Every structure is written in structure tokens, then in C-alpha cells.
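Read through the structure below, which is laid out as C-alpha cells, and then see the notes.
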Amino acid sequence: MDHLRIVLYSHDSVGLGHVRRNLALAHALSNQLPVLTGRAVTGLLVSGTALAPGFDVPAGWDWIILPAVEKGPAGYQPRNLSVPMQDLISLRAGLLDSVLGGFLPHLVVVDRHATGIHRELESALRRARAAGSVRTVLGLREILDAPEAAIAEWERVGGAPLVNDLFDAIWVYGDPAVHNPVAAGEIPPSVQQLIRFTGYLAAGRPAGPGKLTMPGPYFMTTVGGGADGHALAALAAEAELPEGVGHLVVAGPQMPAEQLADLRRRAGAGVRIIERLDGMVPHLRGAQAIVSMGGYNTVCEIMSTDVPALIVPRIHSRSEQRIRAASLASAGYVESREIGTLTPGTLSRWLASRLGTKVDRGRALLNGLVRVPHLAAELLQPALVPAVSSVREGAAHAAV
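Residue numbers (full-length UniProt numbering): 1 to 400.
Right, dumping it as C-alpha cells:
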């Protein structure tokens, strides 16, 4: 029988969050859809970051790398090419049209931005839907931004009418008991009939190499991709450690070289600074305590452990990380502090006080990587797969 063909799109201007989320989905869909549908999976991960091919993909998958964009003072701009932004968007849009028109996917999942940057994906989606049997899904992290900013962004891309026209479902990758973006005003109520809460994409992420890089007990600090993580990593590098306990600081592949060198100069005894880490999950599970920024993927990896965690959210650009940290702290799953309230001394005391403690996160919905393949199978072959029971959807909608 023919393979199920899947396209996972992320625009990727800053950080690695979008592509890492789609990569987790690719592994889950490849592992579980054949069991649910009787058909193997092949797919394309469409990304805008040149770092993407450094990640392992499932068998039968490949990358499409779009010419890169970045955020500048006036909005999105070309990262590398010396061309006008509109020319770059036309180039990206043409590539996206070729991907969907040539690969003929059965399922397209769009991460976060419904039509991409400057609506680069819209015409390709419309042509694909008009041509045949493709199912399209908008995948959203559980927190978009402060409500006023999120709604303004919806309006810029055409609002609820466009989303209702282009998508068969909206998957929200979170637990509505922790944060409900519809009730919070981040998602228009007029699209709520499309929404399915999946739970966090936490349990079941690929573990990577299982061998730990630290010889004994250790704390761990991670700052995501690292582009804006130097301030927190510097505090971690200078924090004093209890005797016999090390500290693994993961700077991230996007941290500028001069900032990485600065961290290594600051690092005290027992502190190990590394740029990137294969096998993040086993290292998080093995830590005595974790300090992290509040990006979606790292938080999901933390939530799959019982290790105490201090979330220090990004405070510039979007409010997403601050809202996430506050919501999870309110639920009792993490602790949260803003970067301006921390010093190496306060961080040292927090780390030492969490030695030997654990956190129960068992109440949270962490099985999104199981639920998503079931939702995909329902869309693709509804007659073959029993309906997946709602995950607190009734309560979530009642709260709107």
C-alpha cells in the first residue's frame, strides 16, 4: 500500500522551537501511524533554518530548507540573501508551491503561523486543497502571546475566516487545565470548533544518545537555541556549587561565538560549558535540578521528568515565555524567577536547596505525542480508527 505522505512546515526566523516541535511530531507520526492506519509514513520537514539538518529525522523523511529570514528593526528581513524582502517571499512561496504540488501530501501540519511569513504559504495551501484529498492542520503551542498581540497577529493573516477556510483542525499542544489560550483571549472563539487540545508534546520525545557527559551528580542549565540566552548562562557559569556536584551549562548552537567564549572564561570549578547536546532528555532526567529559559520544547522535556526546575523566561519580544512560566508555576510544576531578580549567589542557593528533591508532574497532560498520531489518523482514515476521546475539551470550551 502507498505510503502516507506528510509535510510539516515551520517558518523559523529566530531560535529552534518551531523545527524542534515539528521534529518531535515527525518521529511520533512515523512510529505510530503505521500501527493506526496500516500504512507506512514518508515526509518532508520544511524549515527556514540552516541548522535543521543537524537533527536526526525518522527513516523515510527529508528536509526542505527555505532561504532564511530574520527579525530586524522593521520586521522580517532576509538573513543571508541580498535581495528585497518581497523577492525573498516570492522565492519561498514558489518553493512551497513546488513542495506541495510535487509531493502531493495527504497531511500538512503548519506550525504556529497559519500562512507563514507574509502569507507565503497561503496560495500553496489553497491549490493543494483545491486539487484533492490533502488534510491541513494548524499546530499551535499552548501559549501564543499576550492576548492583544495574539489577536492582532490573527487579524494580519486574515483572521478566523481564513483559518476556517484553510484548515481542517487546530491542534493546541498543551493542557487546558494549565493554560487555555481560547479562554485567555489568544485564539478567536470563532475557530474553537476546530480546536483539539493534545496535551504537551512531552512524554515519548526521542531520547538521543543515553550516555551522560557528567561523571557525578550535577545541575543543568539550558537556554534553548542560545541566541538570547547569554545572561542566564553567565549567571549559571558563575554560581558556586556544593562540594562534589558539577554543573552542565548548554549554551545552544545559536549563541554568538564571543558570548560562548565569555561563558568559558566565567566558568568556575565543576562547571562544564558545551555548545549543544545530543540526548537532552536523559541529561535532564539525570540532573539534580534544572535552570532553563521558558521555550516550549525545553519546558516539555522538563515536564517529562520529576526534576525540580527554575524557569527564567525571556522578557523581551513576546510575552509567551513569561505566561508559560507563570502558568506552570501556578500549577505547582515549576518555579519561576525573572532574570533581573537573580544573581550568581541567589542561583547558587536555589540549586543547593533543591538537592535530593523531586516534583510530581503526574497530573499534567503530557501525552501529546501519542494523541497527535490518533488525531492525524482520524483525519486521514476516519473509518479505520476509533475516535479519540476528548482531552478536557468540554471543560475548555465551557470556560470560554
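Virtual Cβ for every residue (Gly too), placed ideally from N, Cα, C. The structure presented is a predicted model; accordingly, all values stated were derived computationally and were not measured.
Q. Between the region 137-153 and the region 170-178, are three or more C-beta pairs nearer than 8 Å?
A. yes
**Q.** Length of the line joining the Cα atoms of residue 245 and residue 149
**A.** 43 Å
Q.
Among 318, 340, 305, 306, whose alpha-carbon lies nearest the alpha-carbon of residue 312?
A. 340
Q. Helix, strand or coil for residue 103 per DSSP?
A. helix
Q: Could you tell me if residue 63 is buried or exposed, where buried requires 16 or more neighbouring beta carbons within 10 angstroms of its beta carbon?
A: exposed
**Q.** Where residue 120 falls: helix, strand or coil (DSSP)
**A.** coil
Q) Smallest Cα separation from residue 260: which of 236, 281, 270, 280? A) 236
(Q) In whole angstroms, give me the CA-to-CA distance for residue 338 and residue 157. (A) 32 Å
Q. How would you write the range of the alpha helix (DSSP H) that residue 280 sits in, first residue to last?
A. 280-286
Q: Quick one: which unbroken beta strand (DSSP E) runs of 3-plus residues sit fully inside the region 43-96? Chain order, please.
A: 61-65, 69-72, 75-78
Q. When the Cα of residue 28 is compared with those of 203, 359, 81, which residue comes out closest?
A. 203
Q) What does residue 197 pair with, by DSSP beta-bridge criteria? A) 172
Q | C-beta atoms of residue 82 and residue 48 nearer than 8 Å | A | no
Q: Apply the 10 Å Cβ neighbour rule to residue 165 and answer buried if 16 or more other Cβ atoms are within range, or exposed otherwise.
A: exposed
Q. Do the region 282-295 and the region 265-274 make contact, defined as three or more Cβ pairs closer than 8 Å?
A. no
Q | Meets three-Cβ-pair contact criterion under 8 Å: the region 172-191 and the region 324-332 | A | yes
Q) Excluding five sequence neighbours on each side, which residues of the same chain lie with their C-beta closer than 8 Å to the C-beta of residue 50? A) 65, 68
Q | Among 335, 131, 200, 78, nearest to residue 354 - alpha-carbon criterion | A | 335
Q. Does DSSP put residue 136 in a helix, in a strand, or in coil?
A. strand
Q. Just checking my contact of residue 432 with residue 199 at CB under 8 Å: how many whole Å lie between their CB atoms?
A. Nothing can be reported for residue 432: it is not among the residues displayed for the chain, which extend from 1 to 400.
Q. Is the CB-CB distance between residue 247 and residue 239 below 8 Å?
A. yes
Q) Going by other Cβ atoms of all chains shown within 10 Å of its Cβ, with 16 needed for buried, is residue 258 buried or exposed? A) exposed
Q: Using three-state DSSP, classify residue 218 as helix, strand or coil.
A: strand
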